[in-house]
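There are 2 protein chains.
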Amino acid sequence: MLTPNAIEKAKNIPELTERQSEVLESALALLVEGGEKALTTAKIASASNCSKESLYKWFGDRDGLISAMMAFQGSKVGAAVGQEDLGSAKAFKDYLIRFARELLSVLAGDTSLALNRLAIGQASNEASPLGPLLIENGRGVIEAKAVGFLNSAAEKNYLRFDDARQTYHILYGLIVRDAHVRLLLGERRELVMKNFERDAQTAIAQFYQLYGVEE
Amino acid sequence: MLTPNAIEKAKNIPELTERQSEVLESALALLVEGGEKALTTAKIASASNCSKESLYKWFGDRDGLISAMMAFQGSKVGAAVGQEDLGSAKAFKDYLIRFARELLSVLAGDTSLALNRLAIGQASNEASPLGPLLIENGRGVIEAKAVGFLNSAAEKNYLRFDDARQTYHILYGLIVRDAHVRLLLGERRELVMKNFERDAQTAIAQFYQLYGVEE
DNA sequence: CATTAAGGGTACCGTACGGTACGGTACAGG
DNA sequence: CCTGTACCGTACCGTACGGTACCCTTAATG
Chain V
1 MLTPNAIEKA
11 KNIPELTERQ
21 SEVLESALAL
31 LVEGGEKALT
41 TAKIASASNC
51 SKESLYKWFG
61 DRDGLISAMM
71 AFQGSKVGAA
81 VGQEDLGSAK
91 AFKDYLIRFA
101 RELLSVLAGD
111 TSLALNRLAI
121 GQASNEASPL
131 GPLLIENGRG
141 VIEAKAVGFL
151 NSAAEKNYLR
161 FDDARQTYHI
171 LYGLIVRDAH
181 VRLLLGERRE
191 LVMKNFERDA
201 QTAIAQFYQL
211 YGVEE
Chain E
1001 MLTPNAIEKA
1011 KNIPELTERQ
1021 SEVLESALAL
1031 LVEGGEKALT
1041 TAKIASASNC
1051 SKESLYKWFG
1061 DRDGLISAMM
1071 AFQGSKVGAA
1081 VGQEDLGSAK
1091 AFKDYLIRFA
1101 RELLSVLAGD
1111 TSLALNRLAI
1121 GQASNEASPL
1131 GPLLIENGRG
1141 VIEAKAVGFL
1151 NSAAEKNYLR
1161 FDDARQTYHI
1171 LYGLIVRDAH
1181 VRLLLGERRE
1191 LVMKNFERDA
1201 QTAIAQFYQL
1211 YGVEE
């Protein structure tokens, strides 16, 4: 099994010192607070009591710093969704509802929204690495996990489908709908998430209508 | 019935002269080409052979110009989705498939992506009007239309559901899934839209599984 | 022809930001 | 004690951009 350090080396991400992690943390806070326009090198330096020269020494340039922020945040995502429970058909269905709740919560989180907005704002620049980075670190991780438990559920005959990845995309659509984009556009969370709990349950119920195995 | 001019007046949008529309058109082209960073007042002026002074006279400031771009583009959306056909159950289902295709095509269009990226990039600024503007002019128009034909279909007993708006959100989720966000993040269109036709048909088939009336 | 309004071209200003340079400080190792 | 290293704080530079002012051409009107 790979240690975190080994993974970082494999991705060519230099290991971060404690100090550097602190800086990234306060940079994220700054981004959440005021969006990209607030994310100037001077403000990052002053907010984290560090010199601009150190920023440039550690991260190369502003883009490097932002990339580091993404990777740093991504490294914290993995554990977000709890352990699945395939003990029984009922237990698995409950787990799916928890998964739906968790997915919506993550997507609606301040940091997630801020980073997605940042990456999307730069995505018109073909050379920007932020979009792919976010897809890999965020969506990719969750999708891989989901494909895993979907396949397990199929083996146990809780669900029936052809392709786990496609099926996950349907599940995603039923859960998220247009909520993510509306949040990204600035619609108020209370409004978009008004029926949070009911929506999560409805999504899973409909997912079972499409892919569940009748008993 | 309201004339277009009356609508514009009601929204406090000044009518646009031919010249001003040309300027907005070339500004949109500029935005599609190079993203927000390419959208400077100097470039807009030079690209449309007009003086900066005229820009400021017509649109107030840069934000006003961008808002005008959104409204201008929005005013062209209405006719995008063709006329519905509720002549028979089969005809309506075919229409839904066309609707799915059309929705995906619109969302994946260059101008739509560029404007959404622009609005999302500014959405962290609480005071930015771009997000609401885009929601109203883009999503709102399509949603209103969809709610209309869903209700008609329910009356004709092609579909069965409680709330048309909620049902439309499900339909949206089944059709779009995470395609929109992935496109916004810069993932290549060929990749996201690989199974465009099949996905549209699958979405409608599943929608009927959830809301169709059995015969 | 004279007058006037609209608008194009351009020079200019203030400012904000990315990036660099430099002096000063704390500390570790010999 | 000396030296090197890491880093903070700050001043500084070049540039790009939003916004303004001014001059010129064009064309319509009397």
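Top line first, the protein sequences correspond to chains V and E. The opening position of the first sequence corresponds to residue 1 in this note's numbering, with each subsequent residue numbered one higher. The opening position of the second sequence corresponds to residue 1001 in this note's numbering, with each subsequent residue numbered one higher. Even glycine gets a Cβ: it sits at the ideal position worked out from N, Cα and C.
Subject >> alpha helix (DSSP H) segment containing A21 (chain V), residue limits >> reply: In the sequence under discussion, the amino acid at residue 21 (chain V) is Ser, which differs from the Ala named in the question. Segment E18 to G34, the alpha helix (DSSP H) holding S21 (chain V).
Original post:
Taking Cβ-Cβ distances shorter than 9 Å, what residues in chain V pair up with S1021 (chain E)?
Top reply: None at all; the shortest Cβ gap to chain V is about 23 Å.
Original post:
Does the pairing of the region 1028-1037 of chain E with the region 1116-1135 of chain E give three or more beta-carbon distances under 8 Å?
Top reply: yes
Subject >> Min CB distance F196 (chain V) to chain E below 8 Å >> reply: For F196 (chain V), the nearest beta carbon of chain E is not closer than 8 Å to its own beta carbon.
**OP:** Check whether the Cβ atoms of A1154 (chain E) and L1174 (chain E) sit closer than 8 Å, and answer yes or no.
**Re:** no
Original post:
Buried or exposed: A164 (chain V), going by 16 or more other Cβ atoms within 10 Å of its Cβ?
Top reply: So A164 (chain V) counts as buried.
Subject >> Neighbour flag for D178 (chain V) against chain E, beta carbons, 8 Å >> reply: yes
Original post:
Can you find a C-beta in chain V that's less than 8 Å from the C-beta of V1141 (chain E)?
Top reply: Not one chain V Cβ lies under 8 Å of V1141 (chain E).
Original post:
Thinking just about the alpha-carbon of each residue, which of V:M70, V:A29, V:L210 and V:Q201 is nearest to the one in L103 (chain V)?
Top reply: V:Q201
Original post:
Going along the chain, which residues of its own chain have a beta-carbon closer than 7 Å to the beta-carbon of L1150 (chain E), five neighbours each way excluded?
Top reply: L1159, A1164, T1167 and Y1168
**OP:** My understanding is that H180 (chain V) touches V1181 (chain E), with C-beta atoms under 8 Å, so please give their C-beta distance in whole angstroms.
**Re:** 6 Å
**OP:** Pick helix, strand or coil for L86 (chain V), following the three-state DSSP scheme.
**Re:** coil
Original post:
Just to confirm, are L191 (chain V) and A108 (chain V) a CB contact at a threshold of 8 Å?
Top reply: no
Original post:
If you follow the alpha helix (DSSP H) that Y158 (chain V) is part of, which residue opens it and which one closes it?
Top reply: In the DSSP assignment, Y158 (chain V) falls outside any alpha helix (DSSP H) and carries neither an H nor an E.
Original post:
If L134 (chain V) and L115 (chain V) are in contact, beta carbons under 8 Å, what's the gap, nearest whole angstrom?
Top reply: 6 Å
Subject >> Backbone secondary structure at G1212 (chain E) - three-state DSSP >> reply: strand
Subject >> N- and C-terminal bounds of the alpha helix (DSSP H) containing S1046 (chain E) >> reply: Element bounds for S1046 (chain E): T1041 to A1047.
Subject >> Cβ neighbours of N1125 (chain E) in the same chain (closer than 8 Å, five flanking residues each side left out) >> reply: none
Original post:
Whose C-alpha, out of E:S1152, E:F1161 and E:Y1172, is nearest the C-alpha of A1089 (chain E)?
Top reply: E:S1152
Original post:
Given N12 (chain V), which residues of its chain have a CB within under 8 Å of its CB, disregarding the five upstream and five downstream residues?
Top reply: Confidence in N12 (chain V) is poor, its pLDDT being 44 and thus under 50, which makes the residue's placement unreliable; the coordinate value appears in the next sentence. For N12 (chain V), same chain residues with a beta-carbon under 8 Å away, outside a window of 5 residues either side, do not exist.
Original post:
Interface residues of chain V around Y1208 (chain E) at Cβ under 8 Å?
Top reply: What Y1208 (chain E) touches in chain V: nothing, since even the nearest Cβ is about 11 Å away.
Original post:
On the three-state DSSP scale, how would you describe S51 (chain V)?
Top reply: coil
Original post:
Using a beta-carbon distance below 8 Å, is L184 (chain V) in contact with chain E?
Top reply: yes
Original post:
Is D199 (chain V) near the ligand GTP, in the sense that its beta carbon is under 7 Å from a heavy atom of that ligand?
Top reply: Only the bare structure without any ligand can be found here, which leaves the ligand GTP out of the picture.
Original post:
With distances taken from CA atoms, which of E:Q1209, E:F1099, E:T1111 and E:L1185 is nearest P132 (chain V)?
Top reply: E:L1185
Original post:
Alpha carbon to alpha carbon, how far is T1111 (chain E) from V1077 (chain E)?
Top reply: 11 Å
Original post:
What is the C-beta distance between A1068 (chain E) and F1059 (chain E), in whole angstroms, given that I count them as a contact (C-beta under 8 Å)?
Top reply: At roughly 5 Å, the Cβ-Cβ gap stays under 8 Å, so A1068 (chain E) and F1059 (chain E) are in contact.
Original post:
Using a beta-carbon distance below 8 Å, is I1170 (chain E) in contact with chain V?
Top reply: yes
**OP:** Using three-state DSSP, classify A114 (chain V) as helix, strand or coil.
**Re:** It is helical.
**OP:** Could you check the C-alpha separation between S26 (chain V) and V141 (chain V) for me, to the nearest Å?
**Re:** 24 Å
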